[in-house]
Amino acid sequence: MRALDNLVVVITGASQGIGAAIARNFALHNARVVVTGRNRARLAENVAPYNIPRSRYLIIAGDLTHPGTVKKIVSAAVKKFGRIDIFVNNAGVGIHKPVEETTVAEYDTIMDTNLKAIFLSFRELIPLFRRQGGGQIINISSGAARIGSPGLAVYAASKAAVNVLSESAAGEVRNQSIKISVLSPASTDTKLMSQMSKQSRSPSKASLKLTVDEVAEAVIYLARQNSNAWTSMADIRPLLINR
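Under this note's numbering, the residue at position 129 of the sequence shown is numbered 129, and the numbers go up by one with no gaps.
Okay, here's the thing in structure tokens:
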């Protein structure tokens, strides 16, 4: 498997949860990391324990629902490090609410964050990767994308769209040394999942959840695959009911 030393990795939604764990794991593999999210202070707090020089990481605060944020992230990363090797689209939002009660504003926020931001990243990254001779995009989806669930209509639809968008785009660029992969975790022990569970009338059992580091380890595996190996879609689920 390929080493991650000195590769430039961008992680969106890295201020907490899965994104923070992904960034931490890449840093442990000696990658140069670019962490993005809405809360700059929290991003800085997460980076501090890495104990790496300022020259090896970059913090970019921004709201992915705002036009131009994705372009700003890509431009800043390339300006500092000269390239991007791996881009992890992790940022995501969701609510647990019947579709008839979901507002248009809530729908737009979910779709803009979970789907449109990934579409915009493709538009920025594919030309960049083509110029630099290759690159990898890893999109964090959800097990909810495969099976509809009451209360998760809009969230599940956004993630299902991520899967199809990614698979279609991957077919367009796979012969150009550009990999696009989707990782779909089952329910994971994060603040977002906790909030969505509280909104549900049947909260999920904590014993059935993945940890953020288990998801991050799966991302590392996808990133370390050799140049000729490509995983299009991957699911990750908890093996044991009782930990």
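Every residue, glycine too, gets a C-beta built ideally from N, C-alpha and C.
Predicted model, so just to flag it, every value in this text is computed and none were measured.
Just to confirm, is the Cβ distance from I138 to G92 under 8 Å? no
Where does P203 land, buried or exposed, given buried means 16+ other C-beta within 10 angstroms? Bear in mind that a pLDDT of 48 at P203, under 50, signals an unreliable position, so the number given afterwards is only what the model happens to contain. Counting Cβ neighbours within 10 Å, P203 comes out exposed, since fewer than 16 surround it.
What first and last residue would you give for the beta strand (DSSP E) that runs through L58? Y57 to A61
Do D85 and G135 have their C-beta atoms closer together than 8 Å? yes
Am I right that D213 and A21 are in contact with their C-beta atoms under 8 Å? What's the rounded C-beta distance? 5 Å
Between A156, A27, L4 and M1, which has its C-alpha nearest D185's C-alpha? The question names Asp, but residue 185 in the sequence shown is Pro. Of the candidates A156, A27, L4 and M1, the one whose C-alpha sits nearest the C-alpha of P185 is A156.
Report the start-end ranges of each alpha helix (DSSP H) in the segment 89 to 143 that is 4 residues or longer and not cut off at the edges. 104 to 111 and 117 to 132
With 16 other Cβ atoms within 10 Å as the buried cut-off, status of R2: exposed
So, for I52: in the same chain, excluding its five sequence neighbours on each side, which residues have a beta-carbon less than 7 Å away from its beta-carbon? A27
What did DSSP end up calling R2 once you bin it into helix, strand or coil? coil
Alpha helix (DSSP H) containing D235: first to last residue? It is not in any alpha helix (DSSP H) - D235 instead sits in the beta strand (DSSP E) that spans M233 to I236.
Sequence-distant residues of its chain with Cβ nearer than 7 Å to N226 (five each side left out): M1 and R2
For A105 and V219, the rounded distance between their alpha carbons: 31 Å
Just reading off the alpha helix (DSSP H) that T69 is part of, what are its end residues? T69 to F81
Cβ-based neighbour list, Q199, same chain, cut-off 8 Å, excluding 5 preceding and 5 following: Model confidence at Q199 stands at a pLDDT of 45, short of 50, so the residue's coordinates are unreliable and nothing is read from them.
Evaluate contact between the segment 37 to 50 and the segment 109 to 122, counting only Cβ atoms and requiring at least three cross-stretch pairs below 8 Å. no
Tell me which residue opens and which closes the beta strand (DSSP E) that I11 is part of. V8 to I11
Distance CB(A216)-CB(I18) smaller than 8 Å: yes
Would you check whether the ligand FMN has a heavy atom nearer than 7 Å to the C-beta of R146? Within the structure as shown, the ligand FMN is missing, as the structure has no ligands at all.
Quick one: Cα of Q16 to Cα of S121, how far? 21 Å
Measuring straight from C-alpha to C-alpha, what distance separates V173 and K179? 7 Å
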